[in-house]
Amino acid sequence: NAGVMQNPRHLVRRRGQEARLRCSPMKGHSHVYWYRQLPEEGLKFMVYLQKENIIDESGMPKERFSAEFPKEGPSILRIQQVVRGDSAAYFCASSPLSRADEQFFGPGTRLTVL
Amino acid sequence: KQEVTQIPAALSVPEGENLVLNCSFTDSAIYNLQWFRQDPGKGLTSLLLIQSSQREQTSGRLNASLDKSSGRSTLYIAASQPGDSATYLCAVQGGGADGLTFGKGTHLIIQP
């Protein structure tokens, strides 16, 4: 059973470009969470999704950031018009049935904005 | 709002010592608590998960305890080795939040 997969592992963008980060949850998991780890800071929750629904996006910046988890395919975290402050490691986690279940983490995508 | 605090922020000890890392959280209505290890520039490695109904979990040289009512957990590392050097993160699930709430970590260095 493959673990949580994220791609790309490293992403370089110039200011103003768009960044798309993908997350494939573990097989059978229908809950996905995105976290951001800024340099020298702790991990912060961004958004919680179930298939086709955003359940909680309280940790996501109001502008330029969006997330989706379509019926088919991976979850996508999209950052429009990236700025240098978006440079961070973005981690995805998945859980099987509910928010009370253990979350399993992917290897992360390291975004660098030039 | 759930808050997680880890003490100490950094720790450096000689190889072979037993050590304790501390974690406290403000809202005791949690589903579980998890300890992770993170090496520089790397992802998260899950070490131990304690469900809210449990008091402790053990894996090899690691033992984690949970006192939910007082909002505390400890991670005990026995006979430390240089390979244990990493940042150790404590995270709680629940307590009014949908995602995990992480502490800022304890940066551990084991001197050979």
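Those protein sequence lines, which keep their order, are chains A and B. As numbered in the working numbering, residues -9 to 104 make up the first sequence, in order. As numbered in the working numbering, residues 888 to 999 make up the second sequence, in order. By construction, the Cβ of each residue, glycine as well, lies at the ideal position given by its N, Cα and C atoms. All values derive from a computational prediction rather than experimental measurement.
Task: Element boundaries [beta strand (DSSP E), containing Gly981(B)] - done: Its beta strand (DSSP E) spans residues Ala973 to Gly981.
Open item on the list: Just list the residues that DSSP pairs Ile937(B) with in beta bridges.
Closed with: The secondary-structure analysis by DSSP pairs Ile937(B) across a beta bridge with Leu920(B).
Task: Segment limits, beta strand (DSSP E) that includes Arg901(B) - done: Per the sequence shown, residue 901(B) should be read as Pro rather than Arg. Residues Ala897 to Pro901.
Open item on the list: Please report the straight-line C-alpha distance between Gly4(A) and Arg12(A), rounded to a whole angstrom.
Closed with: Contrary to the premise, residue 4(A) reads as Arg rather than Gly in this sequence. Roughly 19 Å separates the two Cα atoms.
Open item on the list: With the cut-off set at 8 Å, would you say Lys61(A) and Lys41(A) are in Cβ contact?
Closed with: Yes, the pair counts as a contact, with Cβ atoms nearer than the cut-off.
Task: Chain-order list of residues whose beta-carbon lies under 8 Å from that of Val22(A) (same chain, five-residue window excluded) - done: Cβ within range, chain order: Cys13, Pro15, Tyr38, Leu39, Gln40, Phe59, Ser65, Cys82, Ala83 and Ser84.
Task: chain B within 8 Å of Glu58(A), Cβ atoms only - done: Residue-level contact by beta carbon fails for Glu58(A) and chain B, as no gap is shorter than 8 Å.
Open item on the list: Using only the alpha-carbon positions, how far apart do Gly930(B) and Gly98(A) sit?
Closed with: Cα to Cα, the separation comes out at about 6 Å.
Task: Rounded separation between Trp24(A) and Pro86(A) - CA only - done: Each residue's alpha carbon lies about 15 Å from the other.
Task: Partners in chain A for Phe912(B), counting only beta-carbon separations shorter than 9 Å - done: Result: empty, since nearest Cβ-Cβ is about 13 Å, beyond 9 Å.
TODO: Give the residues of chain A in contact with Ala984(B), contact being defined as C-beta atoms less than 7 Å apart.
DONE: The answer, in chain order, is Phe35.
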